[in-house]
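Accompanying notes for the structure given below.
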């Protein structure tokens, strides 16, 4: 299936502003950085979490612990995929127990990735609470899951694809919406 | 990159890319072993059976724990107390197990080729946990994982395998695997314990440790299989220890940062001296931990795909 680019939703400045606002909201909601940790979901949740951590450092002067989560072992569709996703390491080098965990991902869609991530975090310990930060919320939830911090809400059809491109992974910062060609 | 095969029978028929995928997948698996809660739900609803026709503690336990940590159910058949004693054939035993809904059969057998035979009779995936003196693929994979973890690479390393090469499936699987990954493999042992065609597998043959151990990065010490040594292949255990047992003197011949591996169980003081076994070069205990991670990786990669995609090896 080939895609053609339809619309750019965010450019580099747009992404930067959205992450700055999310960082402020995280600090406001949690009254600072006490017990706060960030965990990015592979792949593009990781650079987003790193940027939020850097922004928080800029605002508050404190470094928050940063973890990386690979959710493939917790997926609910492994037996339907017909292939095994490539596993990467989960790197959460701190205890999540009694922490305020902010889970970070690029796009919130069906909610299944977040469900897997929640189970994965619960296996690592018992956090005080878990919040969800996403750059894009595109709707079409299949599970009762919502985001606490959203960069931009983008109403989409299921035929469309949202692509978040980030400097660290893709060499450019932008978010585009693409529609499958008929 | 995907592991498109039904069974893991040996390293002879795995490609370098497949070996790399298995080793890469074992890394995230090892992280799970360091957790307080060592359990992920990945293979929930799948079942794994170990069918061992030869005694084993670490390989069998390692496979069972690997399956359990991934959420699979396990059963184990100890042949000594099974229907095999009533004369049941390998084929019938396997079919019976399969009809109970088993997804993976892990087999160890004294006859070379038994896992290959089994794999043709059953739809279940088959993993070879050692067949005669032929192959022991998971041991070689965990050895390579351990070396790669410590040295950062396999390609270009000089790896010596020391001891009873003739009876060793560990040696054969290591030679296949390491040469595919670009390492230089040397085998060192007495002529009576050296199979005639071993150089055709790509290994250089040495009979004297002074030559073979020179400047090597890794020494994999094989267990003297005392249960197989009734045929007078070397004059005495003491002489073997003097000529081929790895001690600190022989170790000095290798690179200063040499790694010492042993597949276990160790005959302490025979093929390896206690000083070396417990010394700073040995990674024998680490190998055991890595064995579970590598077996988790294999179980993960073999499972969870549609039958139609699977190619029989």
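Protein chains in written order, with the working numbering: chain A, 1 to 182; chain B, 183 to 495.
Beta carbons: idealized from backbone N, C-alpha and C, even for Gly.
_Backbone CA spacing between residue 314 of chain B and residue 458 of chain B [nearest angstrom]_ = Locating residue 314 of chain B in the second chain gives position 132, where the first residue counts as 1. Locating residue 458 of chain B in the second chain gives position 276, where the first residue counts as 1. Whole-angstrom Cα-Cα distance: 29 Å.
*Indicate whether at least one CB of chain B lies closer than 7 Å to the CB of residue 66 of chain A.*
For this step, residue 66 of chain A is matched to residue 66 along the first chain. Not closer than 7 Å to any Cβ of chain B, the Cβ of residue 66 of chain A fails to qualify, so no.
*Just mark residue 326 of chain B as buried or exposed, buried being the case when its beta carbon has 16 or more other beta carbons within 10 Å.*
Here the question's residue 326 of chain B lines up with position 144 in the second chain. Residue 326 of chain B should be labelled buried.
*Who does residue 291 of chain B pair with in a DSSP beta bridge?*
Taking the first residue of the second chain as position 1, residue 291 of chain B is located at position 109. According to DSSP, which records beta bridges pairwise, residue 291 of chain B is partnered with B/313.
_Sequence-distant residues of its chain with Cβ nearer than 8 Å to residue 376 of chain B (five each side left out)_ = Here residue 376 of chain B refers to the residue found at position 194 of the second chain. So the list reads 347, 348, 369, 387, 389, once near-sequence residues are dropped.
_Tell me the DSSP secondary structure of residue 348 of chain B in three-state form._
As a first step, residue 348 of chain B is located in the second chain; it is residue number 166 there, counting from the start. It is coil, neither helix nor strand.
*What does a CB cutoff of less than 7 Å around residue 130 of chain A pick up in its chain, not counting 5 residues either side in sequence?*
In the first chain, residue 130 of chain A corresponds to position 130, counting from 1. Within the same chain, residue 130 of chain A has close Cβ partners 101, 103, 118, 121.
*Any idea what DSSP makes of residue 179 of chain A, helix, strand or coil?*
Position 179 of the first chain, counted from the first residue, corresponds to residue 179 of chain A. Three-state result, residue 179 of chain A: strand.
*Would a C-beta distance cut-off of 7 Å place residue 186 of chain B and residue 307 of chain B closer than the cut-off?*
The count along the second chain starts at 1 and reaches residue 186 of chain B at position 4. The count along the second chain starts at 1 and reaches residue 307 of chain B at position 125. Taking 7 Å as the Cβ cut-off, residue 186 of chain B and residue 307 of chain B do not qualify as a contacting pair.
*Which residues share a DSSP beta bridge with residue 149 of chain A?*
In the first chain, counting from the first residue as 1, residue 149 of chain A sits at position 149. Answer is A/133.
_Run through chain A and tell me which residues come within less than 8 Å of residue 219 of chain B, C-beta to C-beta._
What you label residue 219 of chain B is simply residue 37 of the second chain in a count that begins at 1. By Cβ distance, chain A contributes 123, 124.
*Where do the ends of the beta strand (DSSP E) carrying residue 233 of chain B lie?*
Residue 233 of chain B sits at position 51 when you count from the first residue of the second chain. Its beta strand (DSSP E) spans residues 229 to 234.
*Chain-ordered neighbours of residue 70 of chain A on chain B, where CB pairs are closer than 8 Å*: As a first step, residue 70 of chain A must be located in the first chain, where it is residue number 70. The answer, in chain order, is 210.
*Let me know if residue 402 of chain B comes out buried or exposed under the rule of 16 or more other beta-carbons within 10 Å of its beta-carbon.*
Here residue 402 of chain B refers to the residue found at position 220 of the second chain. Classification for residue 402 of chain B: buried.
*Inter-residue Cα distance where the pair is residue 246 of chain B and residue 84 of chain A*: Here residue 246 of chain B corresponds to residue number 64 of the second chain, with the count starting at 1. Here residue 84 of chain A corresponds to residue number 84 of the first chain, with the count starting at 1. Cα to Cα, residue 246 of chain B sits roughly 21 Å from residue 84 of chain A.
*Since residue 463 of chain B and residue 448 of chain B are thought to touch, with beta carbons under 8 Å apart, how far apart are those beta carbons, to the nearest angstrom?*
Counted from its first residue, the second chain places residue 463 of chain B at position 281. Counted from its first residue, the second chain places residue 448 of chain B at position 266. Residue 463 of chain B to residue 448 of chain B, Cβ: 14 Å. No contact.
_What does the Cβ neighbour count give for residue 321 of chain B, buried or exposed, with the cut at 16 atoms within 10 Å?_
For the purposes of this step, residue 321 of chain B is taken as the residue at position 139 of the second chain. Buried, because 16 or more other Cβ atoms sit within 10 Å of the Cβ of residue 321 of chain B.
*Pick helix, strand or coil for residue 91 of chain A, following the three-state DSSP scheme.*
On the first chain, position 91 is the one that residue 91 of chain A refers to. In the structure shown, residue 91 of chain A sits in a strand (DSSP, three-state: E or B).
*Does the Cβ of residue 169 of chain A have 16 or more other Cβ atoms within 10 Å, making it buried, or fewer, making it exposed?*
One-based indexing of the first chain puts residue 169 of chain A at position 169. Result: exposed.
*Taking only the alpha-carbon atoms, compute the straight-line gap between residue 356 of chain B and residue 299 of chain B and give it to the nearest angstrom.*
Locating residue 356 of chain B in the second chain gives position 174, where the first residue counts as 1. Locating residue 299 of chain B in the second chain gives position 117, where the first residue counts as 1. Near 22 Å, if we compare the C-alpha coordinates of residue 299 of chain B and residue 356 of chain B.
*Quick one: Cα of residue 491 of chain B to Cα of residue 480 of chain B, how far?*
Position 309 of the second chain, counted from the start, is the residue given in the question as residue 491 of chain B. Position 298 of the second chain, counted from the start, is the residue given in the question as residue 480 of chain B. Interpretation of residue 491 of chain B is limited by its pLDDT of 46, a score under 50 that renders its predicted location unreliable; no figure is taken from the coordinates.
*Do you know offhand how far residue 489 of chain B's Cα is from residue 285 of chain B's?*
Within the second chain, numbered from 1, the residue matching residue 489 of chain B stands at position 307. Within the second chain, numbered from 1, the residue matching residue 285 of chain B stands at position 103. Summary for residue 489 of chain B: the model assigns pLDDT 48, below 50, so the residue's position carries little reliability; its value from the coordinates is reported in the next sentence. Cα-Cα distance, rounded: 12 Å.
*In chain A, which residues lie less than 8 Å from residue 195 of chain B when you measure between Cβ atoms?*
Sequence index remark: in the second chain, residue 195 of chain B carries index 13 (1-based). Chain A residues near residue 195 of chain B: none, gap ~19 Å exceeds 8 Å.
*asked:* Once the 5 residues before and after residue 9 of chain A are set aside, which same chain residues still bring their CB inside 7 Å of it?
replied: What you label residue 9 of chain A is simply residue 9 of the first chain in a count that begins at 1. 152, 154, 175, 176, 177, listed in sequence order.
*Three-state secondary structure (DSSP) at residue 199 of chain B?*
What you label residue 199 of chain B is simply residue 17 of the second chain in a count that begins at 1. Helix.
*Could you spell out the range, first to last residue, of the alpha helix (DSSP H) harbouring residue 116 of chain A?*
As a position in the first chain, residue 116 of chain A is number 116, starting the count at 1. First-last of the alpha helix (DSSP H) with residue 116 of chain A: 112 to 124.
*Going straight from the alpha carbon of residue 197 of chain B to that of residue 323 of chain B, what length do you get?*
Reading the second chain from its first residue, position 15 is the one you call residue 197 of chain B. Reading the second chain from its first residue, position 141 is the one you call residue 323 of chain B. When rounded, the distance between both Cα atoms is 13 Å.
*Pairing CB atoms from the stretch 15 to 22 of chain A with CB atoms from the stretch 34 to 52 of chain A, are three or more of them under 8 Å?*
yes
*Please report how far the alpha carbon of residue 123 of chain A lies from the alpha carbon of residue 134 of chain A, in whole angstroms.*
If you number the first chain from 1, residue 123 of chain A lands on position 123. If you number the first chain from 1, residue 134 of chain A lands on position 134. Each residue's alpha carbon lies about 22 Å from the other.
*So which residues on chain A does residue 496 of chain B lean against when the C-beta distance must stay under 8 Å?*
Since the first residue of chain B shown is 183 and the last is 495, residue 496 of chain B is not available in this structure.
*Look up residue 218 of chain B in the DSSP assignment and say whether it is helix, strand or coil.*
The residue labelled residue 218 of chain B in the question sits at position 36 within the second chain. Reduced to three states, the DSSP call for residue 218 of chain B is coil.
_Beta-bridge pairing of residue 160 of chain A - partner residues as DSSP gives them_ = Numbered from 1 along the first chain, position 160 holds the residue referred to as residue 160 of chain A. Answer is A/179.
*Starting from residue 199 of chain B, find everything on chain A with Cβ-Cβ shorter than 9 Å and list it in chain order.*
Within the second chain, the letter at position 17 stands for residue 199 of chain B. Simply none; closest approach about 12 Å.
_For residue 493 of chain B, count the other beta carbons within 10 Å of its own beta carbon; 16 or more makes it buried, fewer makes it exposed. Which is it?_
For this step, residue 493 of chain B is matched to residue 311 along the second chain. Here residue 493 of chain B scores only 44 on pLDDT, less than 50, and its place in the model is too uncertain to base an answer on.
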